[in-house]
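As structure tokens, the structure follows; a few thoughts come after it.
In the numbering used here, the protein residues as written are 72 to 1034.
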């Protein structure tokens, strides 16, 4: 069966429409100058009727010469034959077969875009001769902004060109010139101003034009070349590959360079500073720019200030008509006839390399920067980054302090800065990075950072060792005053070789033991010093005191009083803290303070050592200072040789006596120990509060002498324990007769206080049953201090020249004796009531004076410690009249007695009474001896008499003589 097809009218109509559309499309192609898609260029296609008589075209020239066979095959594969034949007055630099084969990789790609661009890069849209002096020429390459995926093939008569956007519609440029006196080169690279090409074309990366005379065709000329020249890469590629831009490439963030790739940037003119331009920068600025993390914003601005956009690409050949360019930094650059790029009258740069070609623009190299000067005028923050203090800057940014202290250089300030390497090899980084995110800048890190900022400009020569300088750290605990930092200077002999030269000079200085590592850096009105470590703000008073072993007793006292949290949070105070040795002098008084029942008195004592203000030693002056107790402290400042001695103590009453009865004032041995709430001064003596009365009873409790306390009470001596006046004398009591001490209303007493362990060797039942023995035992241990019979130098009233040592309640010297209330001199019955002190290697011993060792160890004891009671004030006349109504010395109407105290012993002193043999034996012995002597004498006389009588009886009397 045979089928036949007869086109109907509708089919014919469709074919007619298609043919009409194709004809219109061809006419449209002839009416637009390609390439450029309707955009004007310097030369256009000149259509030629392909059916004309045989005329030699460029394609014919290529096909007639065997050395172009590979090139012709590529042109055919790219379907460019019709297009090239339609071009007129072109110049084709045709790579030979050898050149094609060497560069085959550059001529092949899946969609033929790169190969097509390479072919057009060898074609000029005008005819040139070998004698042309022009170096930069425009090719027929109009780069596409982006290579697209394969699509439907286009017409061979009108191949789709690039969109031309990368070069603002213009063709790509190429350099043609001589590398030496003979060879003409195609595709020469850029060259610095004033330099010449050396060597042949290949040595300069260009192709050699193999013939000086071209082969002519109807629509152009053909020059053979020995190398395929690839089109220039985009701006980013050129920057990455150019040796003079290595510093720029290193500094500018990678994303800024990537933004200059062909797909993202079109028609840019770049005036870029060379490596040498960066070397002219200040060292600190250069270092800052090398830190992309911190300088990225400035680096982007720096780059933007050198990226210009004009009406077209700014090749040097266009500067006759286009001299002004707008930059991405919103500045204007102007190119003048002297090859100078100018920002303003003060900022310009010389172009030292022209026309570094790129697929999406052009680059010119300049010898300096054409950005606003303030862009490279760094503030303190940027200077610190350039000086390797990025950690310091990070912390200020995190604490929201950077804008106030680092970016504002108008205020006069001194910054104490630490380098990054301060944290190397330590665990402090975690602590430093633990920043508070709250807006309150009084968090711990903000406080630490403010401690590194000093108002005003500090210079080494303007400060002294030990000077306290106020910082920007201001807190509620400081009463909104600035925390201080201590300045120290080190000294060395100015001439080490000379032993006689004693002159000294300062060679170093530090802040809070952090050494200053560099000379000052001036930034605006700020002064910057680098220090060796982070300055930690002073800690709370308890932490500072705990860390000082000299103050451990004070710390224990604070905890015992429950005042630790109180001291941490009380604002704007000065603590005068006694050392452990000073507390040791309190003896058993201190042990009493640490007991639970003495908590209120301990608080009073501690509060008396707290001045209600921040007073540094430099501010101390003669006068009184309010304390947290009800009594102020009196301060006395006076020169002592080459030093200034600062003493403080209780104020004096109208009679001139200190209210707390201390013989001397406490001396400040070390001052200005900074705390978070003020300052600490260390003193060498505990200042007793006049509001705290330490009696003998309290000292007994402090020494745990419970047995002795019980015996005192049973013996009726409560008045003595409580510091009261003694009862009236009882004539029936033999111990009250002739007693000059008990009659005194204020005379202090020192009690020899055996420990409870000492009484384990004593028959207490005997004393409890025998009141007379009990009173004798008690009186044996009571010493009026000082005794009445001592001379005036030992008055019971305090005198400046006679002070007790180590908190002793009475004056003690070797072999010094004191009468007890049992002593005959104090109205007692015993002539063995005195006690004497003896210095030994292990301390003091005390024994009954004149004891013959009858009681052995009970006649003496070792001294274990002391405790001093509070003094007493009295008006000698009125007090005596009230208590005794006796006639007393009224020379001193206002007097103060020392308070007495206790001397703790390891043994009980048993009242000594000599035996009857010791008391009467010598009398009997004397009588017997005397009787014997008298008897012997009488007997001798009798014997002598008898002998004389017998002799006389043996003689006869002579006549006339007497018998």
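All C-beta atoms, glycine included, are put in the ideal place defined by N, C-alpha and C.
Opposite residue i in the DSSP bridges: which residues?
i, result
"residue 650", "Per DSSP, none; premise fails for residue 650."
"residue 406", "412"
"residue 559", "581"
"residue 434", "341, 427"
"residue 541", "555"
"residue 454", "According to DSSP, which records beta bridges pairwise, residue 454 is partnered with nothing at all."
"residue 905", "890"
"residue 489", "602"
"residue 719", "706, 737"
"residue 746", "749"
"residue 976", "825, 934"
"residue 681", "646"
"residue 910", "915"
"residue 658", "938"
Using three-state DSSP, classify residue i as helix, strand or coil.
i, result
"residue 594", "strand"
"residue 421", "strand"
"residue 426", "strand"
"residue 826", "coil"
"residue 1022", "helix"
"residue 855", "strand"
"residue 474", "helix"
"residue 469", "helix"
"residue 481", "coil"
"residue 615", "helix"
"residue 934", "strand"
"residue 736", "coil"
"residue 636", "helix"
"residue 920", "coil"
"residue 1006", "helix"
"residue 689", "helix"
"residue 694", "strand"
"residue 729", "strand"
"residue 820", "strand"
"residue 525", "strand"
"residue 442", "coil"
"residue 700", "coil"
Thinking residue i and residue j are a contact (beta carbons under 8 Å), I'd like their distance in whole angstroms, please.
i, j, result
"residue 770", "residue 940", "6 Å"
"residue 129", "residue 278", "Not really, about 18 Å apart at Cβ, beyond 8 Å."
"residue 1084", "residue 553", "Since the first and last residues shown for the chain are 72 and 1034, residue 1084 lies out of range."
"residue 407", "residue 264", "No, residue 407 and residue 264 are not in contact; Cβ-Cβ is about 15 Å, not under 8 Å."
"residue 316", "residue 376", "Wrong, their Cβ atoms sit about 16 Å apart, outside the cutoff."
"residue 706", "residue 693", "6 Å"
"residue 626", "residue 638", "No, residue 626 and residue 638 are not in contact; Cβ-Cβ is about 10 Å, not under 8 Å."
"residue 528", "residue 485", "6 Å"
"residue 423", "residue 436", "6 Å"
"residue 748", "residue 853", "So it is not a contact: roughly 47 Å between Cβ atoms."
"residue 972", "residue 774", "Not really, about 10 Å apart at Cβ, beyond 8 Å."
"residue 678", "residue 699", "4 Å"
Cβ pair count under 8 Å reaching 3, the region 140-148 against the region 157-171:
As far as the Cβ criterion goes, the region 140-148 touches the region 157-171, which means the pair count is three or higher.
Take every Cβ of the region 648-655, pair it with every Cβ of the region 744-762, and state whether three or more of those distances are shorter than 8 Å.
A contact between stretches requires three or more CB pairs, one per stretch, nearer than 8 Å, and the region 648-655 meets this requirement with the region 744-762.
Every unbroken beta strand (DSSP E) inside the region 320-401 [3 residues or more]:
DSSP runs (the beta strand (DSSP E)) wholly in the region 320-401: 339-344, 378-380, 395-398.
Tell me the start and end of each unbroken alpha helix (DSSP H) in the region 130-216 that is at least 4 residues and wholly inside, in chain order.
Counting whole runs of 4 or more residues, the region 130-216 contains the alpha helix (DSSP H) stretches 140-148, 152-157, 168-173, 184-191.
Would you check if the region 301-311 and the region 393-402 touch, i.e. whether three or more CB-CB distances between them fall below 8 Å?
The answer is no - the region 301-311 does not touch the region 393-402, with fewer than three Cβ pairs under 8 Å.
Specify whether the region 335-343 and the region 444-462 touch according to this definition: at least 3 beta carbon pairs, one from each stretch, less than 8 Å apart.
Under the 8 Å Cβ criterion, the region 335-343 does not count as touching the region 444-462, having fewer than three qualifying pairs.
Quick check for students: name the residue ranges of the alpha helix (DSSP H) that lie wholly in the region 760-803, counting only runs of 4 or more.
Along the length of the region 760-803, whole alpha helix (DSSP H) runs at least 4 residues long occupy 767-773, 777-785, 789-792, reported in chain order.
Specify whether the region 543-558 and the region 434-442 touch according to this definition: at least 3 beta carbon pairs, one from each stretch, less than 8 Å apart.
The region 543-558 vs the region 434-442: no contact.
Quick test of the definition: if touching needs 3 or more C-beta pairs under 8 Å, does the region 598-606 touch the region 643-650?
Taking a cut-off of 8 Å on C-beta distances, the region 598-606 does not touch the region 643-650, as fewer than three cross pairs fall below it.
Which ranges does the alpha helix (DSSP H) cover as unbroken runs of at least 4 residues, wholly within the region 237-320, from first to last along the chain?
Whole alpha helix (DSSP H) segments, 4+ residues: 306-312.
Can you find at least 3 beta carbon pairs, one from the region 719-735 and one from the region 513-532, that sit closer than 8 Å?
No, because fewer than three Cβ pairs between the region 719-735 and the region 513-532 fall closer than 8 Å, the two stretches do not touch.
Report yes or no: do the region 907-926 and the region 875-892 share at least 3 C-beta pairs separated by less than 8 Å?
Yes, they touch.
Sufficient close CB pairs (3 or more, under 8 Å) joining the region 908-917 to the region 779-787
The answer is no - the region 779-787 does not touch the region 908-917, with fewer than three Cβ pairs under 8 Å.
Under 8 Å: do the region 475-484 and the region 378-392 share three or more Cβ pairs, one atom per stretch?
Taking 8 Å as the limit for Cβ pairs, the verdict is that the region 378-392 does not touch the region 475-484.
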